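Residues 29 to 137 in this note's numbering are what the sequence shown lists, from first letter to last.
Just so it is clear, CB atoms sit at the ideal spot from N, CA and C, and this is done for glycine as well.
Just so it is clear, the structure is predicted and the values come from calculations on it, not from any experiment.
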Amino acid sequence: DRYWKQPQGLSLSAGPFVAALEYATGKKAELMGKPSRQFFQMALDDLRLEPDDVAMVGDDIHADVLGAQEMGMQGILVRTGKYREDVARLSGARPDMVCDSLASLVRHI
Numbered sequence: 029d030r031y032w033k034q035p036q037g038l039s040l041s042a043g044p045f046v047a048a049l050e051y052a053t054g055k056k057a058e059l060m061g062k063p064s065r066q067f068f069q070m071a072l073d074d075l076r077l078e079p080d081d082v083a084m085v086g087d088d089i090h091a092d093v094l095g096a097q098e099m100g101m102q103g104i105l106v107r108t109g110k111y112r113e114d115v116a117r118l119s120g121a122r123p124d125m126v127c128d129s130l131a132s133l134v135r136h137i
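In structure tokens, the structure reads:
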């Protein structure tokens, strides 16, 4: 991730530091986490579920929604946490559902 939300505002996450280390060393980092296919596949394996039986709910349009959709899961975007309208709009992503909060999501399911 590039950033995450704290009470005082957005802060750099690990992504920018990993990019700097890749540049400095000339080597590509091996990452494990969202939105990697391996991350989502491990979750599916642990749950013993098929992708079309799972919905990923998150506030990150890239790591949560697109990552899940690329694996065949539903991607549900919640407008909380680090959600930013401009990032979501520019991503071109089409979440399966968009909710204002987890509470509003519960009312839909």
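Taking C-alpha positions only, Ala116 is separated from Gly103 by approximately 13 Å. Here Asp73 is exposed: its Cβ has fewer than 16 other Cβ atoms, across all protein chains shown, within 10 Å. The stretch 116 to 132 makes contact with the stretch 84 to 103, as at least three CB pairs between them are under 8 Å. The criterion of a C-beta distance shorter than 9 Å is not satisfied by Asp81 and Lys62. The shortest C-alpha to C-alpha distance from Leu130 to any of Ser64, Leu105 and Glu113 is the one to Leu105.
For Tyr31, the enclosing beta strand (DSSP E) stretches over residues Tyr31 to Gln34.
At the C-beta level, Met101 and Phe68 come within 9 Å of one another. Bridge pairing for Ile137: absent [DSSP]. Collapsing the DSSP output to three states places Ala71 in a helix.
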